[in-house]
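Numbering (my numbering), first residue to last: 84 to 633.
By construction, the Cβ of each residue, glycine as well, lies at the ideal position given by its N, Cα and C atoms.
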């Protein structure tokens, strides 16, 4: 454990770095006065699919793996504007009520150098879960406010108050993990769950090369539906994000602070709240050619405090270099956890892209090729392809993807420094010890959207009191064995999940839509079988991913 008091030799480099960064921002903001990409598009897979033609254009050299995107980026600007104007009456002949319902923001102020908008965000659903003959429902009232001041500064925030009754498998997940999937914790002990959710982001782009963002939100790295490096599965967390673009290279650094409500408390004093953790994540994306790009990822996580004392943020990780292993390894008794990864993309055809990821969690060189199932040879992998205009049908998007992670991947000897936040993984929702196949189709015609999804997975569940490597919040020191560890060990479980949705877009400005959906899910093992057949209908809005396909 490092000393809780930071020595002067660590403080001085940190002060020097902050001073240099501030000086660079001030100077660079005066050097370039051109239009800058700054208008953040909240990440939603359903909406981002509609940007495929621009994002995966072989002539654009767009950094597709770093999300969220900016709507005023020169590559996306025209297409994003057309999506926001879909079905809008450009002659302005509709009544005020009709325009507010179908065309415009509820509140919209525009000045010489500022824009401010605000909207009411409902998410009202009712459904029938047939296996338990149960009525499910969701009652969400939310709002969003956003805008920009000049060309360099933008802001966005939303908040939701929620109550709901969920299908059987989601209820089991919430009761076990005390968190609503992809959202937050709350009053979850009863049949009716009650919770809140909020997002905020301040973005400053001093010039076309640099963007700084301070947020309470999520991040996503990758070209797939899932990410084995960093995904938006878990709850929101606080972060400072810096992006720098120079030619064909884009570099991103994220310094984040997260909570772990399931970790053992260090004191009985409730005023200290849940235990916290820090993450420093660095990602460099290089468009090597028009068709081929490679990304290099590294993340380190550590506990904010331990029994021995308070540690806080470690300024050793503040420098902008991608490989930090030597820094982390300089502490001979380091409690930190380092992970390395790669993201590759090749645009095979004008509208078809092959992509993949590989993440090293830990490995022992002499055991890599031994095929003895050594527990510490841990990695996660993804390979897939995606495209648009399938069978020459305009706006028919598709994706096929395979994901896998070996047992004990993403775990650590201390759960506070594992790769998770708010009782959910920071990468794949299954955690580890799994194989998964994903297929997606999405079709848009005018204001209609149709989406079909199918998942097949097999994984090894953990019997009571035993750790076979699926649950990343268990210490890997409690593993069952050192050798003979293979994917699927434990209680062999098969999962089949399919979902279909059809929606009608009412207002494109905040994705207000009427939606009809159906889910069939079957999870089977020698221990138990659980079936879910669910039909829902509702009025929904906002751009966000709420993962319930696990």
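- Where DSSP assigns a beta bridge to residue 240, which residues make up the other side? Residue numbering aside, residue 240 sits at position 157 when the chain shown is read from its first letter. According to DSSP, residue 240 bridges with 228, 283.
- Query: Can you name, in chain order, every residue of its own chain whose Cβ lies under 8 angstroms from the Cβ of residue 419, other than the five neighbours on each side?
  - Reply: Numbered from 1 along the chain shown, position 336 holds the residue referred to as residue 419. Non-local C-beta neighbours of residue 419 in its own chain, meaning closer than 8 angstroms and more than five positions away in sequence, comprise 383, 384, 385, 397, 411, 500, ordered along the chain.
- Should residue 634 go down as buried or exposed, given a rule of 16 or more other Cβ atoms within 10 Å for buried? Not covered by the structure: residue 634. The range shown for the chain is 84 to 633.
- Return yes when the Cβ of residue 130 is within less than 9 angstroms of the Cβ of residue 594, no when it is not. As a working mapping, residue 594 is identified with position 511 in the chain shown. As a working mapping, residue 130 is identified with position 47 in the chain shown. A contact, by the Cβ cut-off of 9 angstroms.
- Item | Classification of residue 413 by the beta-carbon crowding that lies within 10 angstroms, buried from 16 upward | Your numbering for residue 413 matches position 330 in the chain shown. Summary for residue 413: the model assigns pLDDT 47, below 50, so the residue's position carries little reliability; its value from the coordinates is reported in the next sentence. Exposed, since its Cβ has fewer than 16 Cβ neighbours within 10 Å.
- What's the gap between the Cα of residue 465 and the Cα of residue 351? In the chain shown, the residue the question calls residue 465 occupies position 382. In the chain shown, the residue the question calls residue 351 occupies position 268. Distance from the CA atom of residue 465 to the CA atom of residue 351, rounded to whole angstroms, is 42 angstroms.
- Three-state secondary structure (DSSP) at residue 271? Walking along the chain shown from the start, residue 271 turns up at place 188. Coil, per DSSP.
- Task: Quick one: using the 10 Å Cβ neighbour count with 16 as the cut-off for buried, is residue 212 buried or exposed?
- Result: Walking along the chain shown from the start, residue 212 turns up at place 129. By the neighbour-count rule (16 or more Cβ atoms within 10 Å), residue 212 is buried.
- Proximal residues to residue 448 (C-beta, below 7 angstroms), its chain only, five neighbours per side dropped: Counting from one through the chain shown, the residue named residue 448 turns up at place 365. Correct list: empty, nothing qualifies.
- Item | Nearest candidate by alpha-carbon position, reference residue 629, set 436, 168, 512 | Looking up residue 629 in the chain shown gives position 546. When each option's Cα is compared against that of residue 629, the closest is 512.
- Item | Buried versus exposed call for residue 278 [16 or more other C-beta atoms within 10 Å across all chains shown] | Looking up residue 278 in the chain shown gives position 195. Classification of residue 278: buried, given that the 10 Å Cβ count is 16 or more.
- Item | As assigned by DSSP and simplified to three states, the class of residue 167 | Position 84 of the chain shown, counted from the start, is the residue given in the question as residue 167. For residue 167, the secondary structure class from DSSP, reduced to helix, strand or coil, is helix.
- Message: What does the Cβ neighbour count give for residue 633, buried or exposed, with the cut at 16 atoms within 10 Å?
- Response: Along the chain shown, read from residue 1 onward, the residue named residue 633 stands at position 550. With 16 or more other Cβ atoms from the protein chains shown falling within 10 Å of its own Cβ, residue 633 counts as buried.
- Message: To the nearest angstrom, how far is the alpha carbon of residue 317 from that of residue 194?
- Response: On the chain shown, residue 317 is found 234 positions in, with the first residue counted as 1. On the chain shown, residue 194 is found 111 positions in, with the first residue counted as 1. When rounded, the distance between both Cα atoms is 37 angstroms.
- Query: Taking just the CA atoms, how far does residue 586 sit from residue 275?
  - Reply: Along the chain shown, one-based indexing puts residue 275 at 192. Along the chain shown, one-based indexing puts residue 586 at 503. If you take the alpha carbons of residue 275 and residue 586, they lie about 26 angstroms apart.
- Item | Pairwise C-alpha distance: residue 399 and residue 108 | Taking the chain shown and counting its residues from 1, one reaches residue 108 at position 25. Taking the chain shown and counting its residues from 1, one reaches residue 399 at position 316. Here the model assigns residue 108 a pLDDT of 43, short of 50, so the residue's position is not dependable, and the following value carries that caveat. Taking the straight line from one Cα to the other gives about 22 angstroms.
- Message: Taking the alpha carbon of residue 320 as the reference point, which residue from 268, 347, 328, 293 has its own alpha carbon closest?
- Response: Residue mapping note: residue 320 aligns to position 237 of the chain shown, counting from 1. For the set 268, 347, 328, 293, the Cα lying nearest the Cα of residue 320 is the one of 268.
- Message: Taking only three categories from DSSP, how would you classify residue 458?
- Response: Taking the first residue of the chain shown as position 1, residue 458 is located at position 375. In the structure shown, residue 458 falls within a coil segment according to DSSP collapsed to helix, strand and coil.
- Assumed close pair residue 456, residue 568 - CB separation to whole angstroms, cut-off 8 angstroms: The residue labelled residue 456 in the question sits at position 373 within the chain shown. The residue labelled residue 568 in the question sits at position 485 within the chain shown. With a Cβ gap of about 4 angstroms, residue 456 and residue 568 count as contacting.
- Neighbourhood of residue 136 by C-beta, 6 angstroms cutoff - its chain only, sequence neighbours within 5 removed: Locating residue 136 in the chain shown gives position 53, counting from the first residue. Take residue 136, set aside five residues on each side of it, and the residues of its chain with a beta-carbon closer than 6 angstroms to its own are 471, in chain order.
- residue 27: which of 438, 458, 515 sits nearest, CA to CA? Here the chain comprises residues numbered 84 to 633, so residue 27 is not present and cannot be evaluated.
- Taking the runs of the beta strand (DSSP E) that are 3 residues or longer, which of them lie wholly in the stretch 286-373? Scanning the stretch 286-373 for uninterrupted beta strand (DSSP E) segments of 3 residues or longer gives 293-300, 320-329, 332-343, 358-370, listed from N- to C-terminal end.
- Message: Taking the straight line between their C-alpha atoms, what separation do you get for residue 238 and residue 285?
- Response: Here residue 238 corresponds to residue number 155 of the chain shown, with the count starting at 1. Here residue 285 corresponds to residue number 202 of the chain shown, with the count starting at 1. Whole-angstrom Cα-Cα distance: 5 angstroms.
- May I ask which residues mark the beginning and end of the beta strand (DSSP E) holding residue 536? Here residue 536 corresponds to residue number 453 of the chain shown, with the count starting at 1. First-last of the beta strand (DSSP E) with residue 536: 531-544.
- Message: Once the 5 residues before and after residue 42 are set aside, which same chain residues still bring their CB inside 8 angstroms of it?
- Response: Residue 42 is absent from the structure shown; the chain starts at 84 and stops at 633.
- Message: Between which two residues does the alpha helix (DSSP H) holding residue 376 run?
- Response: Looking up residue 376 in the chain shown gives position 293. Per DSSP, residue 376 belongs to no alpha helix (DSSP H); it is in the beta strand (DSSP E), 375-386.
- Task: Identify every residue that forms a DSSP beta bridge with residue 562.
- Result: Walking along the chain shown from the start, residue 562 turns up at place 479. DSSP lists 550 as the beta-bridge partner residues of residue 562.
- Query: Under a three-way DSSP split, which group does residue 580 fall into?
  - Reply: In the chain shown, the residue the question calls residue 580 occupies position 497. In the structure shown, residue 580 sits in a strand (DSSP, three-state: E or B).
- Leaving aside the five residues before and after residue 338 along the sequence, list all residues of the same chain whose C-beta is less than 6 angstroms from its C-beta, in chain order. Position 255 of the chain shown, counted from the start, is the residue given in the question as residue 338. The answer, listed in chain order, is 323, 363.
- Task: Please report the residue range of the alpha helix (DSSP H) in which residue 259 lies.
- Result: Locating residue 259 in the chain shown gives position 176, counting from the first residue. Membership of residue 259 in the alpha helix (DSSP H) is indicated by the continuous run 251-260.
- Message: Within 8 angstroms, do at least three Cβ pairs link the stretch 611-624 to the stretch 196-215?
- Response: Cβ pair count under 8 angstroms is three or more, so yes.
- Message: Taking the alpha-carbon of residue 538 as reference, which of 345, 605, 251 has the nearest alpha-carbon?
- Response: Taking the first residue of the chain shown as 1, we reach residue 538 at position 455. Cα-wise, what sits closest to residue 538 is 605.
- Message: Between which two residues does the beta strand (DSSP E) holding residue 596 run?
- Response: For the purposes of this step, residue 596 is identified with residue 513 of the chain shown, where counting begins at 1. Looking at the DSSP string, the run of the beta strand (DSSP E) that includes residue 596 is 595-608.
- Taking buried to mean at least 16 other C-beta atoms within 10 Å of its own C-beta, is residue 627 buried or exposed? The residue given as residue 627 occupies position 544 in the chain shown. By the neighbour-count rule (16 or more Cβ atoms within 10 Å), residue 627 is buried.
- When the Cα atoms are used, what is the spatial distance from residue 481 to residue 536? On the chain shown, position 398 is the one that residue 481 refers to. On the chain shown, position 453 is the one that residue 536 refers to. Inter-residue distance for residue 481 and residue 536 is about 10 angstroms (C-alpha atoms, whole angstroms).
- Would you call the CB atoms of residue 634 and residue 516 closer than 9 angstroms? Nothing can be reported for residue 634: it is not among the residues displayed for the chain, which extend from 84 to 633.
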